[in-house]
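Trainee:
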Amino acid sequence: MVQHVVTGVDGSPQGLAAAHWAAREALRRGASLSIVHAWKWHPRAAPYVPAGSTARNWAEQRLDQAANSVRAAHPGLRIVEHLVPDSAVTALLRAAEEADLVVLGSRGLGGVAGFMLGSVSQRVIARSSGPVVLVRAGETVADEHLPAPDGISPDEIPEIPHRDVVLGLDTRHPCDELIEFAFESARRCRAALRVIHAFGPAPARVGDDQPVPEPGAELFAGHERTVLATVRPWCEKFPEVPVSETVCAGHAATELVRASTGASLVVVGRRKRDTHMGTHIGPVTHAVLHHVGCPVAVIPHA
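So the sequence shown is numbered by this note's numbering: it starts at 4 and just counts up by one.
Here it is as structure tokens:
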């Protein structure tokens, strides 16, 4: 089966950054790249459409500019352009059904250092049947690699070692799709994988003014054994991937944000469940998206 990666563009710098990240990932996968631009007809042209042009022509120009930019940077990549007369969310969700991966851009930094989730990216992440990667504005190929020494040319940057991939692991609900995505990502980049498992501190009792006791060595050891048992089969399947495991007492989102410093990708999960309030991302993943500066992959799972 032919693999392909999908990215959505809208003429913005963050959309272009996502398209270039998607192109690099498509090359790593040996896949093609589909670039999607959605537009909807309105009786009155939007303010950003130049006089004398139409919304469709404006959308075509934005799509062509993004595709030409990616082609210039990656001449060997197969690229297919899709101009879709529909809402961005509908177009991207439909494209995601036949894609291995969807890559979206973020408008910039929100929270401390993470993404500002627009309505399109948040709704696609929450409803996509497959993995979605969110890429912040300004992300470049150099950000995927360790700092380059002085005097190196841009063409040599891909030869610099790749930054680590970080996996957020919940041993209560281990998910094969999530773990496999993280290992595959590290293998394709020849990067190390850091597995982070955080177990929350014991809740204080109402009215109890005594300090919450620190978790004991036995509790830590139990969590460490569970993490190692969960990861071991994948280490055997991917022997070329260097793996380190970190077990800590704390909030998962906080620990993942801390671990993401200097990483190339953070991989987190989203449970497929609908509530009476609708489909949602989940508190840990939502917090990670708002506070992590590197690309974040969200993997849906049962």
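Just so it is clear, CB atoms sit at the ideal spot from N, CA and C, and this is done for glycine as well.
(1) So, with DSSP's three-state summary, where would you put F184?
(2) What does the Cβ neighbour count give for V83, buried or exposed, with the cut at 16 atoms within 10 Å?
(3) On the CB-based measure, 16 or more other CB atoms within 10 Å of its CB, does R193 come out buried or exposed?
(4) Could you tell me which of D167, F184 and E248 sits nearest to T264, measuring between CA atoms?
(5) So, using beta-carbon positions, are H304 and D103 closer together than 9 Å?
(6) Could you tell me the distance, in whole angstroms, from the CA atom of E183 to the CA atom of W237?
(7) Using 9 Å as the limit for Cβ to Cβ distance, is H77 near chain D?
(8) State the beta-bridge partners of T10 as determined by DSSP.
(9) Quick one: does the C-beta of L19 sit closer than 8 Å to a heavy atom of the ligand GTP?
(10) How many angstroms separate the CA atom of G108 from the CA atom of L96?
(11) So V83 is in the beta strand (DSSP E); what residue range does that whole segment cover?
(12) Which residues share a DSSP beta bridge with S156?
(13) In the DSSP assignment, the alpha helix (DSSP H) including V123 goes from what residue to what residue?
(14) On the CB-based measure, 16 or more other CB atoms within 10 Å of its CB, does T143 come out buried or exposed?
(15) If you draw a straight line from the alpha carbon of L259 to that of N60, how long is it in whole angstroms?
(16) What are the start and end residues of the alpha helix (DSSP H) that includes L30?
(17) Closest to A25 by CA distance: which of V92, L86 and L137 is it?
(18) Let me confirm a value: S132 is counted as buried when at least 16 other C-beta atoms fall within 10 Å, else exposed. Which label applies?
(19) Give the straight-line distance between the Cα atoms of A20 and P152, rounded to the nearest whole angstrom.
(20) Please go through the same chain and pick out, in chain order, the residues whose beta-carbon is closer than 6 Å to the beta-carbon of G272, but skip the five residues on each side of it.
(21) Can you tell me whether L196 is helix, strand or coil according to DSSP?
(22) Contact check, A22 vs V73 under 8 Å by CB: the rounded distance?
(23) Taking the alpha-carbon positions, what's the H226 to V250 distance?
(24) Within 10 angstroms of the Cβ of T57, are there 16 or more other Cβ atoms? Answer buried if so, exposed if not.
(25) For I163, list the residues DSSP reports as bridge partners.
(26) Drop a sphere of 10 angstroms on the beta-carbon of H309, count the other beta-carbons inside from all chains shown, and report buried for 16 or more, exposed for fewer.
(27) Is L268 near V169, with beta carbons less than 9 Å apart?
(28) Does S247 come out as helix, strand or coil in the three-state DSSP assignment?
(29) Quick check on F223: does DSSP put it in helix, strand or coil?
(30) Can you tell which of V234, A29, P150 and A189 has the C-alpha that lies nearest to the C-alpha of V244?
Mentor: Reading from the atomic positions:
(1) Locating residue 184 in the sequence shown gives position 181, where the first residue counts as 1. Reduced to three states, the DSSP call for F184 is helix.
(2) Indexing the sequence shown from 1 puts residue 83 at position 80. Counting Cβ neighbours within 10 Å, V83 comes out exposed, since fewer than 16 surround it.
(3) Indexing the sequence shown from 1 puts residue 193 at position 190. Flag for R193 reads exposed.
(4) In the sequence shown, the residue the question calls residue 264 occupies position 261. Comparing Cα positions, the closest option is D167.
(5) Taking the sequence shown and counting its residues from 1, the one referred to as residue 304 is at position 301. Taking the sequence shown and counting its residues from 1, the one referred to as residue 103 is at position 100. No; because the gap between Cβ atoms is not below 9 Å, this pair is not in contact.
(6) Counting from one through the sequence shown, the residue named residue 183 turns up at place 180. Counting from one through the sequence shown, the residue named residue 237 turns up at place 234. Straight-line Cα distance between these residues: approximately 8 Å.
(7) Absent from the structure: chain D. Only one protein chain is present.
(8) For the purposes of this step, residue 10 is taken as residue 7 along the sequence shown, with counting starting at 1. I38 and V106.
(9) The ligand GTP is absent from the structure shown, which contains no ligands of any kind.
(10) The count along the sequence shown starts at 1 and reaches residue 108 at position 105. The count along the sequence shown starts at 1 and reaches residue 96 at position 93. Taking the straight line joining both Cα atoms gives about 15 Å.
(11) On the sequence shown, position 80 is the one that residue 83 refers to. Residues I82 to V87.
(12) The residue labelled residue 156 in the question sits at position 153 within the sequence shown. Beta-bridge pairing links S156 to no other residue.
(13) Within the sequence shown, numbered from 1, the residue matching residue 123 stands at position 120. Taken as a continuous stretch (DSSP letters only), the alpha helix (DSSP H) holding V123 covers S122 to R130.
(14) For the purposes of this step, residue 143 is taken as residue 140 along the sequence shown, with counting starting at 1. Burial call: exposed.
(15) As a working note, residue 259 is residue 256 in the sequence shown. As a working note, residue 60 is residue 57 in the sequence shown. Approximately 43 Å, taken between the alpha carbons.
(16) Numbered from its first residue, the sequence shown carries residue 30 at position 27. It spans P16 to R32 - the alpha helix (DSSP H) in which L30 sits, taken as one unbroken run.
(17) Indexing the sequence shown from 1 puts residue 25 at position 22. Measuring from the Cα of A25, the nearest candidate turns out to be L137.
(18) Within the sequence shown, the letter at position 129 stands for residue 132. Exposed.
(19) The count along the sequence shown starts at 1 and reaches residue 20 at position 17. The count along the sequence shown starts at 1 and reaches residue 152 at position 149. Taking the straight line from one Cα to the other gives about 24 Å.
(20) Position 269 of the sequence shown, counted from the start, is the residue given in the question as residue 272. Hits under 6 Å: C178, L181, I302 and H304.
(21) Numbered from 1 along the sequence shown, position 193 holds the residue referred to as residue 196. Reduced to three states, the DSSP call for L196 is strand.
(22) Counted from its first residue, the sequence shown places residue 22 at position 19. Counted from its first residue, the sequence shown places residue 73 at position 70. Right, their Cβ atoms sit about 5 Å apart.
(23) Here residue 226 corresponds to residue number 223 of the sequence shown, with the count starting at 1. Here residue 250 corresponds to residue number 247 of the sequence shown, with the count starting at 1. Roughly 7 Å between the two C-alpha positions.
(24) The residue labelled residue 57 in the question sits at position 54 within the sequence shown. Exposed, since its Cβ has fewer than 16 Cβ neighbours within 10 Å.
(25) Indexing the sequence shown from 1 puts residue 163 at position 160. None; I163 has no bridge partner.
(26) Here the chain comprises residues numbered 4 to 305, so residue 309 is not present and cannot be evaluated.
(27) Taking the sequence shown and counting its residues from 1, the one referred to as residue 268 is at position 265. Taking the sequence shown and counting its residues from 1, the one referred to as residue 169 is at position 166. Yes. Within cutoff.
(28) Locating residue 247 in the sequence shown gives position 244, where the first residue counts as 1. It is a strand residue.
(29) Stepping through the sequence shown from its first residue, residue 223 is reached at position 220. Correct three-state label for F223: helix.
(30) Counted from its first residue, the sequence shown places residue 244 at position 241. Of the candidates V234, A29, P150 and A189, the one whose C-alpha sits nearest the C-alpha of V244 is A189.
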